[in-house]
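The numbers in UniProt numbering rise by one with no breaks, and the one at position 105 of the sequence shown is 105.
Below is one structure; the comments refer to it alone.
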Amino acid sequence: MNSAPLPSAPPKKHRNLAQGVVAYIADSIRDGALKPGDKLPTESEIMRILGVSRTVVREAISHMQAANMVETCHGIGTFVLEPQPANTLGIDPNTVVTVRDVLALLELRISLETEAAGLAAIRRSDAQLQQLRQALDSFQASVRSGGETVPSDLQFHLLVAQASGNRYFHDILSHLGTNIIPRSRLNSAKLAKDDPKVYMDRVINEHEDIYNAIARQDPEAARAAIRTHLSNSRERLRRAQELIEGAGA
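Here it is in structure tokens:
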């Protein structure tokens, strides 16, 4: 089997030469010059292209094997592997089913979304602020009409995470999906014996507080507003859990 050719351009400078080789081959895979199943060039060819020693090439290949980027078949060559699925941090959204599960998820969200909102207040663009306004208006319209409120509520929180400028906030919340909205799993207002209209009006006001803080680019107010919003949800669920456990007893 012939080896796939590597681009002849020199690699970027790295403190560690082996890391430079890994980065160069990773870029070739990402750009499509090397595809899953392709055979890497020989050690001698990589040495010639990148101007490094055989020891450096072998160290780089060892790193790539450990990262499941390549697989070496002795006597045949080293081959590019299929990309591994993204790590989901061991969080399975399908396991979020009980009040206790949703409470645990809210504790995680408080830590994540508080900082995301603070960063959003600093980094948001005018276009992102407009998207937040549209999601909030859509949420309020759904509340007033008695329609489905979860999609626009989720959209609002995802847009705050996106405006933070840190994609990992958005990635984690996107992975969790509608599970981040407690009422998508259970009727938290009913369980806590809250008036549904009072409850939804309060959620609208809390969202408005978050939006207004981000709009005026006040990071501390944005952090406080979203922490209050999520802490209120946690308190309502805590009371619901106590009622459920009391009924069970």
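Glycine included, every Cβ here is placed at the ideal spot set by N, Cα and C.
Just so you know, these numbers come straight off a predicted model, no measurement behind them.
What did DSSP end up calling Thr-98 once you bin it into helix, strand or coil?
-> Position 98 of the sequence shown, counting from 1, holds the residue named residue 98. It is coil, neither helix nor strand.
- request: Ignore the nearest five residues each way along the sequence and tell me which others in Gln-217's own chain have a CB closer than 7 Å to its CB.
  value: Here residue 217 is taken as the residue at index 217 of the sequence shown, counted from 1. For Gln-217, where only same-chain residues beyond five positions count, the Cβ hits under 7 Å are Ala-121, Ile-122.
Quiz item: Could you check where the beta strand (DSSP E) with Gly-77 kicks off and where it finishes?
Solution: Along the sequence shown, one-based indexing puts residue 77 at 77. 77-80 is the span of the beta strand (DSSP E), which, as asked, contains Gly-77.
For chain D, is any of its Cβ atoms less than 7 Å away from the one on Ala-120? In the structure shown, chain D does not exist; there is a single protein chain.
- So, using beta-carbon positions, are Leu-136 and Leu-230 closer together than 7 Å? Counting from one through the sequence shown, the residue named residue 136 turns up at place 136. Counting from one through the sequence shown, the residue named residue 230 turns up at place 230. No; because the gap between Cβ atoms is not below 7 Å, this pair is not in contact.
Could you name the residues of the same chain whose beta carbon sits closer than 7 Å to that of Glu-82, not counting the 5 residues immediately before and after it, in chain order? The residue given as residue 82 occupies position 82 in the sequence shown. If we look at Glu-82 and ignore the five residues flanking it on each side, its Cβ neighbours are Pro-36.
Contacts around Ser-152, its chain only, beta-carbon distance under 7 Å, and the 5 residues preceding and following it disregarded:
As a working note, residue 152 is residue 152 in the sequence shown. Hits under 7 Å: Ala-135, Ser-138, Phe-139, Ser-142.
Check: How would you label His-74, buried or exposed, when you count the other beta carbons within 10 angstroms and need 16 or more for buried?
Finding: The count along the sequence shown starts at 1 and reaches residue 74 at position 74. His-74 is exposed by the Cβ-count criterion.
Exercise. Gln-162: buried (16+ other C-beta within 10 angstroms of its C-beta) or exposed?
Worked result: As a working note, residue 162 is residue 162 in the sequence shown. Gln-162 is buried by the Cβ-count criterion.
Checklist entry - In angstroms, rounded to a whole number, what distance separates the CA positions of Pro-11 and Arg-48? => result As a working note, residue 11 is residue 11 in the sequence shown. As a working note, residue 48 is residue 48 in the sequence shown. Here the model assigns Pro-11 a pLDDT of 45, short of 50, so the residue's position is not dependable and the matter cannot be decided.
_At least three beta-carbon pairs within less than 8 Å, the stretch 161-178 to the stretch 227-241_ = no
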